[in-house]
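Q:
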Amino acid sequence: MSGIIEGSTGTWEMVIGLEVHAQVTANSKLFSGAPITFGGEPNTQVNLVDAAMPGMLPVLNDYCVEQAIKTGLGLGAEINRLSVFERKNYFYPDLPQGYQISQYAHPIVGKGEIEIDLPDGTVKAIGVTRLHLEQDAGKSLHDQHASKTFVDLNRSGQALMEIVSEPDMRSADEAAAYVRKLRTILRYLGTCDGNMDEGSMRCDVNLSMRRPGEPFGTRCEIKNVNSVRYIQAAIEYEARRQVDVLEEGGKIAQETRQWDTRQHVTRSMRSKEEAFDYRYFPDPDLLPLELDEAMIERVRHSLPELPDAKKKRFISVYGLSPYDAGVLVAEQTRAEFYERVLAGKRDPKVAANWLITELLGGLNKGGHDIDASPISADNLGELIDLLADNTISGRIAKDVFAEMFATGKGAAAIVEEKGLRQVTDTGAIDVVIDAVIAKNQDKLAEYRAGKDKLFGFFVGQVMKESGGKANPAMVNQALKAKLAG
Amino acid sequence: MSLTHLTIAESVKKLESGEISSAELTEAHVRAIEGARALNAFIVETPELAMDQARAVDARHGKGERGVLEGVPLAIKDLFCTKGVQTTAGSKILEGFVPPYESTVTANLWRDGAVMLGKANLDEFAMGSSNITSAYGPVESPWRRQGDNRPLVPGGSSGGSAAAVAARLAPGATGTDTGGSIRQPAAFCGIVGIKPTYGRCSRWGTIAFASSLDQAGAFARTVEDTAIMLGSMAGYDPQDSTSIDLPVPDYRAALGRSVKGLRIGIPKEYRVDGMSGEIDKLWRDGEAWFRDAGAEIVEISLPHTRYALATYYIVAPAECSSNLARYDGVRYGLRVPGKDLTEQYEATRAQGFGAEVKRRILIGTYVLSAGYFDAYYIKAQKVRALIARDFSNAFKSCDLILTPTAPSAAFALGEKTDDPIAMYLNDVFTVPASLAGLPGISVPAGLDSSGLPLGLQLIGRPFDEETVFAGAAALEKAAVFTAVPQIMAV
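As you go down the protein sequences, you meet chains A and B in turn.
In this text, residue positions in the first sequence follow the numbering used here: the first is 1, and each later residue adds one.
In this text, residue positions in the second sequence follow the numbering used here: the first is 1001, and each later residue adds one.
1) What does DSSP give as the partner residues of A:Y99 in its beta bridges?
2) So, helix, strand or coil for A:W354, using DSSP?
3) Is it buried or exposed, A:R395, if we count other Cβ atoms within 10 angstroms and call 16 or more buried?
4) Would you call the CB atoms of B:C1201 and B:V1068 closer than 8 Å?
5) Going along the chain, which residues of the region 1309-1323 of chain B sit with their C-beta nearer than 7 Å to a C-beta in chain A?
6) Which chain A residues sit within Cβ distance under 7 Å of B:R1326?
7) A:D277 versus chain B: which residues are under 7 Å apart at the beta carbon?
8) Output, in chain order, the set of chain A residues within a Cβ distance shorter than 8 Å of B:A1218.
9) Starting from A:H21, trace the beta strand (DSSP E) both ways and give me its first and last residue.
10) Note down the Cα distance separating A:R211 from A:I4, rounded to an integer number of angstroms.
11) Determine the DSSP secondary structure at A:H487, reduced to helix, strand or coil.
12) Report the three-state DSSP secondary structure of B:Q1457 (helix, strand or coil).
13) Return the chain-ordered ranges of every beta strand (DSSP E) run that is complete within the region 287-331 of chain A and spans a minimum of 3 residues.
14) Does the CB of A:V123 have a neighbour CB from chain B at under 8 Å?
15) Check for me: the alpha helix (DSSP H) holding B:F1219 runs from which residue to which?
16) Assign B:E1019 to one of two classes, buried (16 or more other C-beta atoms within 10 Å of its C-beta) or exposed (fewer than that).
17) Are the C-beta atoms of B:A1388 and some chain A residue less than 8 Å apart?
18) Exposed or buried, what is A:T519 when buried is set at 16 or more other beta-carbons lying within 10 Å of its beta-carbon?
19) Would you check if the region 1089-1103 of chain B and the region 1217-1225 of chain B touch, i.e. whether three or more CB-CB distances between them fall below 8 Å?
20) Can you tell me whether A:S466 is buried or exposed? The criterion is at least 16 other CB atoms within 10 Å of its CB, across all chains shown.
21) What do you reckon, are the CB atoms on B:D1225 and B:I1008 nearer than 8 Å?
22) Is any beta-carbon of chain B found at less than 8 Å from that of A:L57?
23) From B:A1325, B:I1207, B:D1177, B:G1205, pick the residue whose C-alpha is nearest to that of B:Y1198; which is it?
24) Could you name the residues of chain A that B:L1094 contacts, counting a contact when the two beta carbons are closer than 9 Å?
25) Given that B:Y1345 touches chain A, what residues does it touch there, using C-beta distances under 8 Å?
26) Taking any Cβ of chain A, which residues in the region 1227-1250 of chain B have a Cβ under 8 Å from it, in chain order?
27) Restricting to runs no shorter than 3 residues, where is the beta strand (DSSP E) found entirely within the region 1054-1136 of chain B?
28) With 8 Å as the threshold, decide whether the Cβ of A:D285 is near any Cβ in chain B.
29) If you draw a straight line from the C-alpha of B:Q1053 to the C-alpha of B:K1063, how long is it?
30) Alpha carbons only, please: which of A:H21, A:L118, A:N154, A:P93 is nearest the one belonging to A:D50?
31) Where does the unbroken alpha helix (DSSP H) through A:T426 begin, and where does it stop?
32) For the beta strand (DSSP E) holding B:A1173, just list the boundary residues, first then last.
33) Expressed to the nearest angstrom, what Euclidean distance is found between the alpha-carbon atoms of A:I222 and A:V128?
34) How should A:Y513 be labelled, buried or exposed, when 16 other C-beta atoms within 10 angstroms of its C-beta is the threshold for buried?
35) B:P1267 to B:P1303, Cα distance in whole Å?
36) Can you give me, in chain order, the residues of the region 1205-1217 of chain B that have a beta carbon less than 7 Å from any beta carbon in chain A?
Here it is in structure tokens:
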């Protein structure tokens, strides 16, 4: 959908910026040694620091710092040699310290960029303003008791990366593409699992409307929109709401809004006047974070090939179309699977077709991706080989594929078991052709009289008689000669 | 000699030789504490624990290596979390709180064989200079003015620790010092108190007041005893990101160093208006003693001194306003229910905190607020850097700085209490070194005209506690301070 809204008073354009909170993949929390696993029993992954017991002190987890650096490098961003942890002060029961340790004036990562693919095939660069490290809060459970709120501190103190974009997006689709691309990069890097439904990636949307070409309008922030679909829906709703307000001569109040996942509307949470004064100041329990070049270089060398680079390579080395390459690199697991199928020897385009059209197509029907594939990369490669060396025909291959998909069996095993090996013995093909011609003398006469179209009829009959196993090219060749007489 | 009058060094020697047992020594102090409850020096006495620890020490006598404090009973300021023993920080909000963990500093003491007599009273969350802000009642100094039986304050915030050591209820005690909370009560109570360099002792498990200033230290009746204690308490702790990974020197060995040739700096800005003639005379005595011992007296300048108190009373409240946010009634300590969350927070904190703590939380919240942050907090940080630079400049021309510890002797309970600013002035000589993170020691050096003890302070370079101890030992030797408090265990 376009980001342009034609209102009754003229044209409006969306201006969108996103703040993504990405949980850092790590074995322990940002400032404590407590372990992390998703779905643990409430309050079982909490140590004295996470519960903010008196006298407890934070100690920075170096691994989380490396993960943030890695992410920064993956976004092509500046890594700040000096960053500062500050306290963001506010009271809430799931925030045991009464402050969140975050970074404010001096984040660990500065400006970067994410390229998104637009539907028209062009690429747009979305600026990343900054990335900073901070503690996650615990969870308040309001639905466990009639009058009480329960607090689960398992999440308290887990490391988050807050990744803030520039207000560079102009439509809900661009915002969706940005989130998907960011998630892909994070997954490639192994710095966040990107599972939005488990809350390991959460998104705040900043949106304002303006007349195209004019300065930015007043924005609203929509908090915690936690799926790509909701991000799009929230943007569409909020844009319309703002246009309605503006066209009635009203003004947009700068405020924080909430996305209602049931009614699919945004609602006001708090106005600018009610905004918290977080009283940020440098955390005196922690020293400024100084990074040395050697460490940054070490992380740089550990970076995997990222989606953009991989896509370019797939296009230039394998000759794939940008679309196919894009589909394959969208998930690291797909790209890996693809290259395992190729195994350095198979036809890249044939392999891409099988993978994208047949395998991903089949998986997608059940809502799955490559991780759930019943067919291994080796087996798919084997099928492609059987096709390439004429052991089976393309039509048979589709049947074999369907069998593989259903049973997980190997291609060669299925071909053997079902006797699907292609007939390439010219003598045997000749026998079938002779029999077909003998049975269809009338058609032969018509053909010879100039009705060329009947050639297809003969091919079909021969293939049918051979149980589909005759090599189509050889059938064509032999049939042509025989029909000609 | 009475067991309660032994120094730590003497006790260690007698315990090692078997002349006395830890059980005897500990029991003498347990009895002394029972007999001096009027001082209110302890919030919790732990006689059973003390006797168990003492007997355990005695049982292993002669087996294996002895800790430097093997069998020596100590008082622990109730700001150090002690596993299984109530820890309140002198606040009602933590009444009944029993930590399931032991602070690093006290764990180090127990590792070295020390025995815990109890948890010493203090100003609430260590905020105060007279020990009158404790939710468990004020501590009385064991000292009295001549011909005047009115109770005096012991100083603060470590008032219970200082009073206990002065009254011979413990040969040594832990303290914490944020702006003078060890040095000032040591001066008021006629004992020795050392605050080491910021980062020397771990802050892990010590309840925070102002994190960038808080530092643990020791009280005892001799310089040597504080050197023994600090040697045990100090050390790098990976659990405290601000603790420094440096080896802990043998402080006791430094005591014998000559001060000959040392340059003793006298900051001209410390001659504050209204300083009593007695304090001034004591200070000049100190100069003379050092000169007699072969040290060189040099005048130095610490030009930003006059901004130190104002700076301190922005930085410390700012940090405390955030540090004390965790006392919200949700997880531990006092909870006063309300009809909703906000009301519960408000009622809990209104009832749980005393007036001085509330005052500082309010000040701290204010100076960190949007619109005021730059004018107060940022400005204070800049001035703090200038104060630290003053000291590093001064230490180019001197090795130690000599000042009075406090501008007066102890005052009576009830005096100065209605004027927080007058109270804050108590810390005028101790706060600058705190802001700069420097080691400082107070040594009893004389009496005022009413017979109350006065202390002199030595400030050293960062992590140069050895020179501080050497200077303090020289001062102690020259001052020959033998006065004892009127209230004292026999």
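We put the CB at the ideal spot given by N, CA and C, even for glycine.
A: Considering the structure as presented:
1) A:N89, per the DSSP bridge assignment.
2) Of the three classes helix, strand and coil, the one that applies to A:W354 here is helix, per DSSP.
3) Under this definition A:R395 is an exposed residue.
4) Taking 8 Å as the Cβ cut-off, B:C1201 and B:V1068 do not qualify as a contacting pair.
5) Cβ contacts with chain A: A1318, E1319, S1322.
6) One finds A52, P96, Q97, G98 in chain A with Cβ atoms closer than 7 Å to the Cβ of B:R1326, taken in chain order.
7) Near A:D277 (Cβ distances below 7 Å), the residues of chain B are S1369, A1370.
8) Residues of chain A passing the Cβ test: none, with the nearest at roughly 18 Å.
9) Here the beta strand (DSSP E) through A:H21 covers 10-23.
10) C-alpha of A:R211 to C-alpha of A:I4: approximately 9 Å in a straight line.
11) Nothing about residue 487 of chain A can be read from this structure; chain A reaches only from 1 to 485.
12) Judged by DSSP in its simplified three-state form, B:Q1457 adopts strand.
13) Counting only runs of 3 or more, we get nothing.
14) By this cut-off, A:V123 is not an interface position.
15) B:F1219: not part of any alpha helix (DSSP H); member of the beta strand (DSSP E) spanning 1215-1220, first to last residue.
16) Classified as exposed, B:E1019 has fewer than 16 neighbouring CB atoms from the shown chains inside 10 Å of its CB.
17) No, no contact with chain A.
18) Beyond the ends of chain A as shown, which are 1 and 485, falls residue 519 of chain A; an answer cannot be given.
19) Too few Cβ pairs lie closer than 8 Å, so no.
20) It counts as buried.
21) Their beta carbons are under 8 Å apart, which means B:D1225 touches B:I1008 by this criterion.
22) Output row for A:L57: interface = yes.
23) Ranking the options by Cα distance to B:Y1198, first place goes to B:D1177.
24) What B:L1094 touches in chain A: P54.
25) Per Cβ cutoff of 8 Å: F91.
26) Only those residues of the region 1227-1250 of chain B whose C-beta falls short of 8 Å from the nearest C-beta of chain A are listed: P1238, Q1239, D1240, S1241, T1242.
27) The DSSP assignment places 1073-1077, 1115-1120 as complete runs of the beta strand (DSSP E) inside the region 1054-1136 of chain B, in order along the chain (cut-off: 3 residues).
28) So yes, A:D285 belongs to the interface.
29) Roughly 16 Å separates the two Cα atoms.
30) Of A:H21, A:L118, A:N154, A:P93, the residue nearest in Cα terms is A:N154.
31) Going by DSSP, A:T426 is part of the alpha helix (DSSP H) stretching over 426-439.
32) Its beta strand (DSSP E) spans residues 1172-1177.
33) Here the alpha carbon of A:I222 sits roughly 19 Å from the alpha carbon of A:V128.
34) Nothing about residue 513 of chain A can be read from this structure; chain A reaches only from 1 to 485.
35) Their Cα atoms are separated by approximately 9 Å.
36) Using a CB distance below 7 Å, the part of the region 1205-1217 of chain B facing chain A consists of G1205, T1206, I1207, A1208, S1211, S1212, ordered along the chain.
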